[in-house]
Amino acid sequence: MIRFEGFGFRYEGTDDWVVDGVDLEIPEGSIVLLTGPSGSGKSTLALALNGVVPQLIAGETRGSLTVGELPSLTTPVAQMADQVAVVFQDPEVQLFTLTVEDEVAMSLEAARVPRDEMQRRVQSAIDECGLSGLELASPARLSGGQKQRVAIAAALAREPSVLVFDDPTANLDPEGTQHVYETIAAVAARRGRTIFIIGRELDALAGLVDRVVALEGGRVVYDGAPRGLLEQAELVERLGIRPPLATEVAHRLASISAGRWHWGGQVPVDEAGLLREIPPAATTLSIVPAEPPPPSQTSSVLRFDDVAFSYTRRGRVVLDGVTFDVSAGEFVVLAGRNGAGKSTLLGQISGLLRPRSGRVLLGGRDVAALTVAQIAQTVGFIFQNPNHQLFRDTVEAEVAFGPHCMGWDADRTRAAVDSALARTGLVGMRHRDPDLLSMGYRQRVAVAAVLALDPQLLLLDEPTTGQDEHGLAELMRLVGELNASGVTVVMITHDMSVALAHARRMVVLSSGRLVADGTPADVLADDAVMRGAALVPPPLVELSDRILGPGSFSRTAVRSPRDLAERIWAARAQDARAAS
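Residue 128 in full-length UniProt numbering sits at position 128 of the sequence shown, with consecutive numbering throughout.
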C-alpha cells in the first residue's frame, strides 16, 4: 500500500507549493495513470515515492508518504531504490554502459547481488522487454524505443514493488512509442507490481490502467476510473489532456449541435462506440474537395542541393542525396522515424554540421561561407531536448542571453525579453530556475529564448515534447502567428495530428533519403510511404474514411476532430432537409 496523507512539497527558495494536500491510498498491484497539465506536480509526486524529493532535490515538505512500511521522505534513497524504480522520459540520461547486458546489470552490481541471481534477473528483464539477441549491442546504437526498453529492463532487474514511468514515450517516434507501450502492457500483465504512468495520452493508456489520478495546481481534482474522467469534457479540456479521438469527436458534436445531438448510452471512448451512434446517412455526406495550397510565388529561402552527410569518414551515411527547396513563408514539417536524418538535416543549416557533398543555401548563400554568428542573425533553432540549450540560473537570464551576445543595448534587450516572455506565457516565471520547471515549461523557455532574437527562419526539433494540450495549442498558435507574419517554419515532429492541423507541406525522410514531399493529407493517406517510414497516421485518417467514405480523407479539408464533427453534423442537417 502507498499512502499520501496531506502531502505537500515546495522547492527550496520558492513560495509556491508544487503539490499540496494530496491524500491518496494506492493498493498493491494497482496500475495508475497520473495526469494533468504541465507544472501540475506529477513528476514531483513521482520523485517523492523514491525519496529523491526531498532528499536529493531540496525543499520543504508537509504531511507524510509511505511506501509499504517505509517513510519515503526520510528513508535513504539507496534503500528506497530497492522498492521504487523510475523510468524517465529521456532514456539518454539513464544509460551509461557499453552493452545492453551491462546496463541492465549495473544497478545490481552496485547492490552486490550474487552473480547467479544477477544473471537470472538480467536475462529475465531483457526477455520481458523484448531485447533478446541485443545483449551485447551498444545502447548508443539502438533506436529511441529500444533505448527506452533498455531503461525499463534495468528498472525491472531491481525487482521493485513500485515502478514509475515518467512520460516514457515523450521523445519517441510512433514505432518506438508503440513498442514501449507494448512493453509496459506486458509488465502490467504480470500483476503484483504497483505501476504509475505519468502521461496525457488517454487514447493509448485508458485501456491499460485501472485508475486515473489527475492533478491541477498541485492538488488532486479527479481520482477514479478512466471512463469517468472522459465523460467530463470540461475537466478534460481544462487539464490539457488529449482524449481518445472518438470521445473528442463526440464532445465536439455535442458542442456544435448545442446539445441537440444525444448519445444513446455513455459517451463513446472508442471508434466502434462512435460509429454505433452515427446514423448511416452520415456516410453519404457530399465530399467537398480540399483546396490545394497555391503554388509558391516567393523566392527560395532555403535549399538543400544533393546533400550527403556522415558523422565519420567511413561511417553510416545519414543523409543521402537530399534535395528540396523551402520558399519564404512556408510551414514545412519534416517527418520520419528516429534515425532517419531529420535532426542531422537541420544541423546542416546551423553551420555546426557540414555536408560531405552537396550544398545548403540560405537566402541564396552557401552556408559553408557563413559564420555561425551570421547564420544566427536570421535563423532560430529550438532543440528537441530543452536541457541542451538552457544553462542560465533564471528564465529571464536565459531569454536575455541571445540579445546580450548580439550586443543589443539594455533597453532593446529588456523589450525583447518582456515580449518573448509574454508571448510564451512565462511572465510569472521570469525569476524561476529553469532546471526546476517541468519539461513542458522548459521547452517554452527555449522557445522564448529564440523568439527574443526575432528570427526570419525558425527551425523546431520536436518542440511539442512534454507539452500538455494547452501548452501545445499555445505553442502552435504562436508558431502559426509567426508564420502568418512571414517567418518561414521548418519543424520536425512525430505527432502526425500536429502536422495535419498546422503544416501545409510535409517532407518525409527514410534512411537519409527523401521519400515523400506533399501536403500532409496526401502523405498521411499514402500507406506505402507511411509503412516505409515507420510512421503511424493519426486516427483521424481512418475514422474520416470510415464515416465519409473510403479515400475521402485525402480529398477533404478534415484536419482536426472539430472538422470531422462539423461534417457529421452537416450530414444530419442535410438528411433533415431531405426528409422535409
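Just so it is clear, CB atoms sit at the ideal spot from N, CA and C, and this is done for glycine as well.
Tell me where the alpha helix (DSSP H) around residue i begins and ends.
i, result
"D522", "P520 to L524"
"D116", "R115 to E128"
"S510", "Where S510 is concerned, there is no enclosing alpha helix (DSSP H), although the beta strand (DSSP E) it sits in stretches over R505 to S510."
"D563", "P561 to A579"
"R238", "A233 to R238"
"V249", "L245 to I256"
"G176", "P174 to A189"
"D411", "A410 to R423"
"V269", "Element bounds for V269: n/a, residue is neither H nor E."
"S357", "Premise fails: S357 lies in the beta strand (DSSP E), S357 to L362, not in any alpha helix (DSSP H)."
"L500", "M496 to H502"
"F401", "V395 to C405"
Going by CA-CA distance only, name the one from the options that's closest to residue i.
i, options, result
"A212", "V236, W569 and S255", "Per the sequence shown, the amino acid found at residue 212 is Val instead of Ala. The shortest C-alpha separation from V212 is found at V236."
"Q178", "A110, A225, G551 and Q148", "Q148"
"A373", "S343, C405, P243 and N385", "C405"
"R505", "E330, D563, A571 and L535", "E330"
"L136", "E128, F381, L98 and H388", "L98"
"E175", "F196, S143 and L524", "S143"
"P455", "A503, V379, G471 and A420", "V379"
"T14", "R442, H431, L202 and L540", "H431"
"E462", "P520, F383, R112 and A452", "F383"
"A397", "S438, I375 and L421", "L421"
"A185", "A204, L451, G224 and G133", "A204"
"R513", "T169, A157, H251 and G321", "G321"
"V536", "D495, I568 and V399", "D495"
"L436", "S300, D16, I198 and Q377", "D16"
"G6", "T44, R219 and C129", "R219"
"G273", "P244, S300, I256 and T35", "P244"
"E12", "E60, V87 and P114", "E60"
With H, G and I counted as helix, E and B as strand and the rest as coil, what does DSSP make of residue i?
i, result
"G39", "coil"
"F4", "strand"
"P139", "helix"
"E469", "helix"
"F196", "strand"
"A214", "strand"
"P386", "helix"
"A85", "strand"
"P537", "coil"
"L334", "strand"
"Y441", "helix"
"residue 581", "Within the shown structure, residues of the chain are numbered from 1 to 580, placing residue 581 beyond reach of any answer."
"L345", "helix"
"V515", "strand"
"R276", "helix"
What is the rounded straight-line gap between the Cα of residue i and the Cα of residue j?
i, j, result
"F4", "R303", "56 Å"
"V221", "T312", "52 Å"
"R477", "P160", "43 Å"
"D57", "D411", "Here the sequence assigns Ile to residue 57, which means Asp is not the residue at that position. For I57 and D411, the distance between alpha carbons rounds to 36 Å."
"M491", "V332", "6 Å"
"T247", "D270", "7 Å"
"R444", "G41", "17 Å"
"D433", "I26", "32 Å"
"I152", "P386", "23 Å"
"D517", "V507", "4 Å"
"V162", "R193", "6 Å"
"D575", "S497", "30 Å"
"W259", "I547", "Reading off the sequence, residue 259 comes out as Gly, not Trp. Those two C-alpha atoms are separated by around 21 Å."
"E216", "L239", "7 Å"
"V427", "Q119", "52 Å"
"W408", "T371", "19 Å"
"G442", "M429", "This sequence places Arg at residue 442; Gly is not what is there. Their Cα atoms are separated by approximately 11 Å."
"V180", "V187", "11 Å"
At what residues does the beta strand (DSSP E) containing residue i begin and finish?
i, result
"Y222", "R219 to G224"
"T488", "T488 to I492"
"residue 596", "What is shown of the chain runs 1 to 580, which leaves residue 596 out entirely."
"I26", "V19 to I26"
"G207", "Neither: G207 is in no beta strand (DSSP E) and is coded neither H nor E."
"V318", "V317 to S327"
"L56", "Here L56 belongs to no beta strand (DSSP E), and DSSP marks it neither H nor E."
"A308", "S300 to S310"
"D527", "No beta strand (DSSP E) holds D527; the alpha helix (DSSP H) holding it covers D527 to G532."
"A156", "Strictly speaking, residue 156 in this sequence is Leu, with Ala absent from that position. Premise fails: L156 lies in the alpha helix (DSSP H), G144 to A157, not in any beta strand (DSSP E)."
"F165", "V162 to D166"
"D461", "L457 to D461"
If I'm right that residue i touches residue j with Cβ under 8 Å, what's the distance once you round it to whole angstroms?
i, j, result
"V122", "V150", "About 11 Å; that fails the 8 Å criterion."
"L334", "L345", "7 Å"
"P226", "A206", "4 Å"
"T464", "T493", "6 Å"
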